[in-house]
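> Take a look at the following structure, please.
Number of protein chains: 2
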Amino acid sequence: MKVTISDVAKKASVSKSTVSRIINGNHEQNTQETVNKVLKVIEELDYKPNALARSLKSTKTNVIGIILSKLQNQFWSSVLEGVEDTCRSYGYNLMICNSNEDGQLEEEHIRSLQMHQLDGLIINPTLKNKLLYKKLTDNKFPFILMNRKLYDQDVHMVTVDNIKGARVAIEHLIQTGRRKIAIFLYPPAEISPRLERLEGYKQALIKNGIKVNQSLIQIVGEEAGEVEEAVKRLLNSPDRPDAIFSTNNMMTLSILEGIKSQQIMVPQDLGLIGYDETVWAKHLNPPLTTVNQPSYEMGTIAAKKLIYLIEGKEDQMAEKVVSLEPNLIIRKSCGADKSY
Amino acid sequence: MKVTISDVAKKASVSKSTVSRIINGNHEQNTQETVNKVLKVIEELDYKPNALARSLKSTKTNVIGIILSKLQNQFWSSVLEGVEDTCRSYGYNLMICNSNEDGQLEEEHIRSLQMHQLDGLIINPTLKNKLLYKKLTDNKFPFILMNRKLYDQDVHMVTVDNIKGARVAIEHLIQTGRRKIAIFLYPPAEISPRLERLEGYKQALIKNGIKVNQSLIQIVGEEAGEVEEAVKRLLNSPDRPDAIFSTNNMMTLSILEGIKSQQIMVPQDLGLIGYDETVWAKHLNPPLTTVNQPSYEMGTIAAKKLIYLIEGKEDQMAEKVVSLEPNLIIRKSCGADKSY
DNA sequence: TTGAAAGCGCTAACAA
DNA sequence: TTGTTAGCGCTTTCAA
């Protein structure tokens with residue numbers, strides 16, 4: 001049997017309002033006696049306030065939502081941990097959805113989460129239907145976009161400087177003597193991390209007087225095997241590169257696979273830098289040089305931003321668009337460390 | 001401005017009950033005319049029913065909760081994906097919490113989730129306070145335990161056969177000529193996957209007439225560096241093993257680290273098998289032989305079980321305790337594949 | 001075929 | 001210091 005505030009009130013011989021005041025900590029005016037009495041009954045009955053009823057009145061649920069895709073990617077599970085930790089420390093619960101990069105699904109999730117009256121939303125947007133975010137803004141619904149930029153709307157975002165991430169990686173390759181550097185990308189479409197990494201790649205080349213060679217820009221599909229095939233093709237072409245820059249951590253594993261099948265040695269014959277630091281990067285053969293993104297911080301910052309927004313503490317909040325800094329973790333795969 | 005059922009009713013010149021019937025699909029008795037009229041207004045106003053109010057009446061939220069720890073471990077993110085996919089396909093939302101192996105925190109999460117009137121809970125239990133699960137059972141609160149067994153209570157569980165997982169791994173090592181096989185474990189306490197993996201290890205040895213050597217059973221703490229140290233110590237002791245069985249995927253990376261620092265070759269000098277298949281296992285040097293656990297299935301099964309339980313479809317549900325089968329993925333690190 | 005009204009469990013304004 | 005009451009947005013019984 002569910003125990004409600006009325007049960008507590010009855011058993012303690014007080015009114016519901018008194019109980020309500022006490023469970024909400026507004027008992028400055030109550031006798032210590034009543035407070036103790038009520039607290040005792042709450043304990044005895046193991047009374048748990050119904051958050052639904054409370055929220056219905058207060059129009060505040062203390063629940064936020066997060067819409068992600070590819071949970072299995074370590075980058076995202078790390079972001080999620082950051083969000084979860086922050087939510088807990090601020091007294092919020094978290095609802096999680098997986099959009100799977102499907103715009104339709106993303107829309108359904110947003111709708112469903114709004115029906116549950118969530119206080120706000122953190123989204124890694126699919127960008128398939130930009131009207132979605134526009135509607136949220138129009139409804140004054142608090143939300144934060146993460147990782148991918150929405151260029152033409154003035155919304156809160158937490159991103160990483162992807163131009164810099166790519167530039168630093170490519171410049172490092174150039175400094176250690178590589179000249180024919182290939183970049184591997186999933187189809188950029190309008191996805192800013194992909195576009196920006198390509199941009200950073202080009203900037204670094206141009207700045208160092210190296211001509212951008214279109215055939216070294218490899219845009220590959222996400223189906224199994226496509227990356228391996230592209231690597232093999234490229235390594236056997238006249239444009240064979242002396243280094244590869246991979247822009248995704250899963251993709252890097254496939255690239256390695258492709259390289260190995262060609263009996264090519266990393267880093268002697270080919271330098272390699274991957275995007276995203278992971279637990280396994282340093283255990284690959286050779287240990288992988290990576291561009292590290294502050295994923296956990298991205299989660300904590302997005303969550304804090306959202307909570308400030310919800311609680312009207314815009315003053316405590318950083319700029320509307322936060323851009324985090326990536327950094328290069330140098331190991332052996334890029335060839336800078338000559339101890340092989 | 002929030003639009004409520006009253007707004008719709010007013011604008012459509014019908015009563016709230018009529019609107020309610022229509023949004024819930026109970027409009028067999030309504031004129032097609034009224035239905036269309038109301039639907040049109042709902043569209044125009046972009047009306048979204050308030051799930052809080054609805055749930056307050058119906059005492060059903062269509063939200064379930066999951067309490068995990070170590071989200072960053074691929075095993076768990078894969079489980080989570082299974083749960084999420086299943087929830088979506090059955091029309092449930094998912095609240096996620098991280099217990100961080102902290103019994104106190106676990107209790108707070110359960111309490112908080114119950115306050116939110118969740119329909120049920122999936123838990124990877126810390127087992128720090130068994131009364132917690134007892135109370136859930138006493139309250140007839142639907143919940144499923146995952147991965148770790150609760151031995152002395154009759155509850156719903158989805159687990160993997162860890163005795164078998166370990167046995168298969170060890171038997172494979174024995175068959176390929178290893179005799180001095182070490183096992184690395186985090187402190188087992190009452191955690192069934194750890195206890196069972198140790199049990200499977202012993203069973204396999206005994207069955208093959210190999211004496212269990214206590215100094216080859218390495219129980220190591222979870223602090224950074226402890227595993228590496230233990231590996232180094234063991235490899236330089238008189239009891240130096242000819243194979244190592246790692247019982248955790250993170251631990252395996254540390255073991256590899258320790259091995260490398262000793263200039264020992266895997267698998268020539270030392271065979272190695274790790275627990276849990278991961279995206280990176282096949283890319284390690286040498287490619288890692290692993291015991292694969294059906295993690296995604298564990299998630300889907302746990303979620304389905306819970307939903308059946310919530311919806312009173314116990315008949316469609318498998319046994320109260322489901323045990324899944326692990327399988328060995330043979331690569332080079334164990335030494336069976338002699339192509340080195 | 002539709003509507004009126006009670007009530008889910010809680011909070012808060014107002015009254016005592 | 002405490003209680004009474006209205007109402008949050010919805011569903012559902014009962015009546016029309």
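So the protein lines, in turn, are chains Y and D. Counting from 1, one number per residue, gives the positions in the first sequence under the UniProt record's numbering. Counting from 1, one number per residue, gives the positions in the second sequence under the UniProt record's numbering. For every residue, glycine included, the Cβ atom is placed at its ideal position computed from N, Cα and C. This one's a predicted model, so the numbers in the text were calculated from it and none came from an experiment.
#1: Determine the extent of the alpha helix (DSSP H) in which residue 374 of chain D is found, giving its start and end residues.
#2: Please confirm whether residue 407 of chain D has its beta-carbon closer than 8 Å to some beta-carbon of chain Y.
#3: Mind pulling the chain D residues with CB within less than 8 Å of Y:Q72?
#4: Check for me: the alpha helix (DSSP H) holding Y:N162 runs from which residue to which?
#5: Measure how close the beta-carbons of Y:V155 and Y:T137 come, nearest whole angstrom, since I'm counting them as under 8 Å.
#6: For Y:I191, name the three-state secondary structure that DSSP assigns.
#7: Within the same chain, show all residues whose beta-carbon is closer than 8 Å to that of Y:E297, passing over the 5 residues directly before and after it, in chain order.
#8: Flag D:L216 as yes if its beta-carbon sits less than 8 Å from any beta-carbon of chain Y, otherwise no.
#9: Using a Cβ cut-off of 9 Å, which residues of the UniProt domain "HTH cro/C1-type" (2-45) of chain D contact any Cβ in chain Y, in chain order?
#10: How is D:S323 classed by DSSP in three states: helix, strand or coil?
#11: Is any beta-carbon of chain Y found at less than 8 Å from that of D:L256?
#12: When you compare the CB of Y:I95 with every CB in chain D, is at least one pair closer than 8 Å?
#13: According to the neighbour-count rule (16 or more other Cβ atoms, all chains shown, within 10 Å of its Cβ), is Y:N26 buried or exposed?
#14: Would you decide whether Y:Q117 is buried or exposed? Buried here means 16 or more other CB atoms lie within 10 Å of its CB.
#15: If you draw a straight line from the C-alpha of D:E314 to the C-alpha of D:Q293, how long is it?
#16: Y:Y340 to Y:L306, Cα distance in whole Å?
#17: Along the chain, where does the alpha helix (DSSP H) containing Y:K300 start, and where does it finish?
#18: Per DSSP, which one or two residues make a beta bridge with Y:M157?
#19: Rounded to whole angstroms, what is the Cα-Cα separation between Y:I22 and D:E223?
#20: In angstroms, rounded to a whole number, what distance separates the CA positions of D:I219 and D:V231?
#21: Quick one: which residues of the stretch 109-132 of chain D get their C-beta closer than 7 Å to a C-beta of chain Y? List them in chain order.
#22: Going by the beta-carbon positions, is the gap between D:Q203 and D:I163 smaller than 8 Å?
#23: Starting from Y:A182, follow its DSSP beta bridges and name the residues at the other end.
#24: At the 8 Å Cβ level, is Y:H283 part of the contact set with chain D, yes or no?
#25: Interface residues of chain D around Y:M250 at Cβ under 9 Å?
#26: Can you say whether Y:G200 is buried or exposed, counting buried as having 16 or more other CB atoms within 10 angstroms of its CB?
#27: Per DSSP, which residues does D:L94 bridge with? Please list them.
#28: Looking at C-alpha atoms only, which residue of D:K180, D:V19 and D:P287 is the closest neighbour of D:P238?
#29: Going along chain Y, which residues have a C-beta under 9 Å from D:A230?
#30: What does the Cβ neighbour count give for Y:P125, buried or exposed, with the cut at 16 atoms within 10 Å?
#31: For the beta strand (DSSP E) that D:T18 lies in, which residues bound it at each end?
#32: Is there a Cβ of chain D sitting closer than 8 Å to that of Y:N50, yes or no?
#33: Output yes or no for whether 8 Å exceeds the beta carbon distance between D:L256 and D:A182.
#34: Which term fits D:D276, buried or exposed, when burial requires 16 or more other beta carbons within 10 angstroms of its beta carbon?
#35: How many whole angstroms separate the CB atoms of residue 342 of chain Y and Y:I122, which I take to be in contact at a CB cut-off of 8 Å?
#36: On the DSSP bridge list, what partners appear for Y:T289?
Answer, in terms of the structure:
#1: Residue 374 of chain D is absent from the model: chain D starts at 1 and stops at 340.
#2: Residue 407 of chain D lies beyond the stretch modelled for chain D, which goes from 1 to 340, so this question has no answer here.
#3: Q74, S77, S78, E81 and V279
#4: N162 to Q175
#5: 6 Å
#6: coil
#7: Result list for Y:E297: G82 and L324, in chain order.
#8: no
#9: K2
#10: strand
#11: yes
#12: According to the sequence shown, residue 95 of chain Y is Met rather than Ile. Yes, Y:M95 counts as interfacial toward chain D.
#13: exposed
#14: Y:Q117 is buried by the Cβ-count criterion.
#15: Approximately 26 Å between the Cα atoms of the pair.
#16: Model confidence at Y:Y340 stands at a pLDDT of 49, short of 50, so the residue's coordinates are unreliable; what they give is reported in the following sentence. Cα-Cα distance, rounded: 48 Å.
#17: Per the sequence shown, residue 300 of chain Y should be read as Thr rather than Lys. Y:T300 -> alpha helix (DSSP H) spans S295 to I310.
#18: In the DSSP secondary-structure assignment, Y:M157 is bridged to Y:L145 and Y:V321.
#19: 43 Å
#20: 11 Å
#21: R111, S112, Q114, M115, H116 and Q117
#22: yes
#23: Y:I244
#24: yes
#25: V279
#26: buried
#27: Note: D:L94 sits in a beta bridge opposite D:I64.
#28: D:K180
#29: None at all; the shortest Cβ gap to chain Y is about 18 Å.
#30: buried
#31: For D:T18, no beta strand (DSSP E) encloses it; the enclosing alpha helix (DSSP H) starts and ends at K16 to I23.
#32: yes
#33: Between D:L256 and D:A182, the gap from beta carbon to beta carbon reaches 8 Å or more.
#34: Result: buried.
#35: What the structure shows of chain Y is the stretch from 1 to 340, and residue 342 of chain Y is not part of that stretch, so it cannot be assessed.
#36: Y:I273
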